[in-house]
Amino acid sequence: MAAVLSLLLVVLLSHAPSAFPETTTTTGLQVAITRTDSPSSFTFKERFHRAVERSRRRREVLKLAKSSRHDVEAVFKWGDSEYLIELAVGTPMQPITAILDTGSDLIWTQCMPCIRCLPQPSPYYDPSTSSTYSVLPCSSSSCSGVQHFCTQALCQYYTSYGDNTETNGFLSTETLTFGRKRVPGITFGCGSWNNGTLSNSTGIVGLGRGTLSLPSQLHPRRFSYCLTPDNSTSTGHLFLGSKAKLGRRHLGGRVQTTPMLPSPSAVPFNTYYYLPIKGISLGRTLLPIPKTAFQIKKDGNGGMIIDSGTQFTIVDPAAFHVIVKKILSLVHLPVAESTDESLCFSWTPGLHPLPEMPDMLLPKTYHSVNANK
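Taken in order, the sequence shown gives residues -21 to -1, 1 to 352; the numbers are from mature numbering (1 follows the signal peptide of the UniProt record, and there is no 0).
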């Protein structure tokens, strides 16, 4: 099994000057990232198959959102994410474990009093014990950034997701703590009515391009996250502000960059981070994939996005079929399964040697995927 390299993503942002304390953006923030499935709980084979199923479900949720024309604040299937971060909410601090999601904006956690709450690994956040908690009025500009209604002039949000799960509560402000850094006045959802599954977390921290995401509220010039190898017990990290700035070389390797494309204006596409993919190569062979397979369409569909909730690269069917055809010409093993979304081979140790596979390259992104993985 070939080694799996770390993935480092750096996103440059254009924002107005920060409204938060100078120390927040000058010294930056650093938060540890852990995997949903830890190596201590599952074997590599189990983690691999669980990640495949999560990626498939995530794709279906994204497809559902793209075909929907009603207001969807976020596109996410609870519990089907790959990465979690730990932080604290309130004064005094109450720990939470949240799903890290580049495909949505809202920051939220389950709250007391629970009308309907889901099982989670830590006590429910109780705003009544926090001296820094405050519910936002309906007149707040933040209230317009989410689907909402007014209850006694207070902003009550309602967010439905692509898999018909929901969270409902008051849009509020609170002090969040990342490591030793306390950041006041963060807008978040205090969810007292929630339906779905959370899979070992308490809520979501949205990293999308919308106004209510964590990067949009902190106004850093950049943020980045580093994801560790799948078979590693070490933690990755989320960096915001100055800590996300990298030199020409990082962790012994050369840092290469690619610009992000502007997002479409339509919901939910406006929150995604699009990459300027121009094609796919296997080794030095540029595959004959039509350019339309990577283009963003006028209605917002199409294109390629960076998504923290999907471990595997998912491509348009037009591109997938060309890739499959090329791989079949290189791998002379019995085909165990071939569908519109997967290609699997039968391999018996000692009976067939593993074929040497060239790297898969995504031109203009400088990102390679080893086909032996």
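Here a beta-carbon is modelled for each residue, glycine too, at the ideal position from N, C-alpha and C.
Because the structure is a prediction, the values reported are computed rather than measured.
Out of curiosity, what's the CA-to-CA distance linking residue i and residue j?
i, j, result
"Asn147", "Cys93", "11 Å"
"Gly262", "Pro208", "23 Å"
"Leu97", "Leu177", "7 Å"
"Glu1", "Gln9", "Model confidence at Glu1 stands at a pLDDT of 35, short of 50, so the residue's coordinates are unreliable; what they give is reported in the following sentence. Approximately 16 Å between the Cα atoms of the pair."
"residue 357", "Lys276", "Here the chain comprises residues numbered -21 to 352, so residue 357 is not present and cannot be evaluated."
"Gln196", "Gly187", "11 Å"
"Thr318", "Pro267", "20 Å"
"Ile64", "Ala11", "6 Å"
"Cys169", "Gly258", "43 Å"
"Tyr204", "Ala223", "8 Å"
"Pro313", "Ala77", "42 Å"
"Met239", "Pro247", "17 Å"
"Ile256", "Thr130", "46 Å"
"Asp295", "Gly282", "9 Å"
"Leu340", "Gln290", "17 Å"
"residue 355", "Gln73", "In this structure the chain extends from -21 to 352, so residue 355 is not present and cannot be described."
"Tyr104", "Ile165", "15 Å"
"Phe218", "Lys270", "34 Å"
"Gln126", "Cys323", "42 Å"
"Pro163", "Ser83", "22 Å"
"Pro194", "Gly279", "23 Å"
If contacts are defined as beta-carbon pairs under 8 Å, then residue i and residue j qualify, I think. What distance do you get, rounded to the angstrom?
i, j, result
"Thr190", "Gly124", "5 Å"
"Thr88", "Gly182", "4 Å"
"Tyr252", "Ile293", "Their Cβ separation, rounded to whole angstroms, is 15 Å, which puts Tyr252 and Ile293 out of contact at 8 Å."
"Thr15", "Asn179", "7 Å"
"Asn249", "Ser242", "5 Å"
"Ile86", "Phe202", "That belief does not hold up - the Cβ atoms of Ile86 and Phe202 are roughly 14 Å apart, past 8 Å."
Thinking just about the alpha-carbon of each residue, which of the options is nearest to the one in residue i?
i, options, result
"Gly185", "Ser101, Leu309, Thr81, Cys323", "Thr81"
"Phe149", "Lys160, Thr156, Asn173", "Asn173"
"Ser120", "Tyr204, Thr130, Ser113, Cys134", "Cys134"
"Gly316", "Leu341, Ser325, Val310", "At residue 316 the sequence reads Glu, which differs from the Gly that was named. The shortest Cα separation from Glu316 among Leu341, Ser325, Val310 belongs to Ser325."
"Ser151", "Glu145, Phe157, Ser171, Lys160", "Ser171"
"Tyr112", "Ser321, Thr138, Thr154", "Thr154"
"Ser321", "Pro334, Ser83, Ile306", "Ile306"
"Leu79", "His331, Arg161, Leu206, Arg201", "Leu206"
"Gln235", "Pro342, Thr212, Thr214", "Pro342"
Item to complete: List in chain order: all unbroken alpha helix (DSSP H) runs of 4+ residues lying wholly within the segment 269 to 339.
Response: 296 to 309
Worksheet item: In chain order, which beta strand (DSSP E) runs of at least 3 residues are fully inside the segment 100 to 164?
Response: 127 to 130, 133 to 139, 145 to 157
Fill in: At least 3 beta-carbon pairs within less than 8 Å: the segment 67 to 75 vs the segment 107 to 114
yes
Worksheet item: If you scan the segment 161 to 212 from start to end, which runs of the beta strand (DSSP E) of 3 or more residues do you find wholly inside it?
Response: 182 to 185, 201 to 206
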